[in-house]
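K.L.:
Last residue of the sequence shown: 200 in my numbering, with the numbers rising by one and none dropped. We put the beta carbon where it would ideally sit given N, CA and C, even for glycine. Got a structure here, written out as structure tokens. Questions coming.
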Amino acid sequence: GDWAGGERGLAALPGREQEFRDGVDKAIVYAKASRCPLLHTMAGLWPEGRDKEAGERVYFDNLRWAADRMAGAGLTAVIEPINTRDIPGYFLNYTAQAMRIIERVGRPNLKLQLDLYHVQIMEGDLAAKVRALAGHYPHVQIAGNPGRHEPDVGEIHYPFIFDLLDEIGYQGWIGCEYRPKGDTLAGLGWAKKYGIGL
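Set out below in structure tokens:
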């Protein structure tokens, strides 16, 4: 979709199926070239008041097609619930909704991208979610809340979450998706205590 024009993905949008599929094929080429094993398939924005049933049908079909296409390239598709404050109208907002979709699509290479910032805003109870969803997410994203700034500021106690991820045997990446309060390099100082240097 047209990110600069305000679009946030196409996977659930009726009438945009071919554009979605063309985008997946292009993304597979980039993923293979950069050795990236995961591709985030963004659902898109859904008009307020419009029945989501048509979008769900398109979403299921597109995800099934994308997962099959990515499987041939050895890739995994991920879907991410996004909060309604940062992206109003986004089609996918809750982990339970995402898990229902993953189960219904029924492809082993369709997984959850667990963005703890979004989950905190929409659902809270992060420790329970990290435990209950273990094995379903190959990628975790972090940011401080409120403000989506550095993860060492705000209401989420990431040292506890990191210990919990270790405890359950999480083997995937932890990505930092946040807006630095100031200078980017200075804002990475929080990572030093985890042995991450620049």
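1) Just the C-alpha distance for Asp117 and Gly17, rounded to the nearest angstrom, thanks.
2) Apply the 10 Å Cβ neighbour rule to Ile104 and answer buried if 16 or more other Cβ atoms are within range, or exposed otherwise.
3) Tell me which residue opens and which closes the beta strand (DSSP E) that Trp175 is part of.
4) Enumerate in chain order the residues of its own chain whose CB-to-CB distance from Ala68 is below 7 Å, with the five nearest sequence positions on each side excluded.
5) Please return the same chain residues whose Cβ sits closer than 8 Å to the Cβ of Asp168, not counting the five positions on each side in sequence.
6) Between the region 170 to 179 and the region 135 to 146, are three or more C-beta pairs nearer than 8 Å?
7) When the distance is taken between beta carbons, is Lys131 closer than 8 Å to Val121?
8) Do you know how far the Cα of Glu55 is from the Cα of Pro110?
9) Any contact of the region 70 to 78 with the region 87 to 95, i.e. 3+ C-beta pairs under 8 Å?
10) Using only CA atoms, which one of Gln173, Asp165, Glu58 lies nearest to Phe93?
P.N.:
So, from the data block:
1) Taking the straight line joining both Cα atoms gives about 28 Å.
2) Around the C-beta of Ile104, 16 or more other C-beta atoms lie within 10 Å, and the residue is accordingly described as buried.
3) Per DSSP, Trp175 is one residue of the beta strand (DSSP E) stretching across 175 to 178.
4) Correct list, in chain order: Val26, Thr43, Ala79.
5) Once the five neighbours on either side are set aside, Asp168 has no close Cβ partner at all.
6) Here the region 170 to 179 makes contact with the region 135 to 146; the two share three or more CB pairs at distances below 8 Å.
7) Yes; because the gap between Cβ atoms is below 8 Å, this pair is in contact.
8) Cα-Cα distance, rounded: 24 Å.
9) Of all C-beta pairs linking the region 70 to 78 to the region 87 to 95, fewer than three are shorter than 8 Å, placing the two stretches out of contact.
10) Residue nearest to Phe93 within the set Gln173, Asp165, Glu58 is Glu58 (criterion: CA-CA distance).
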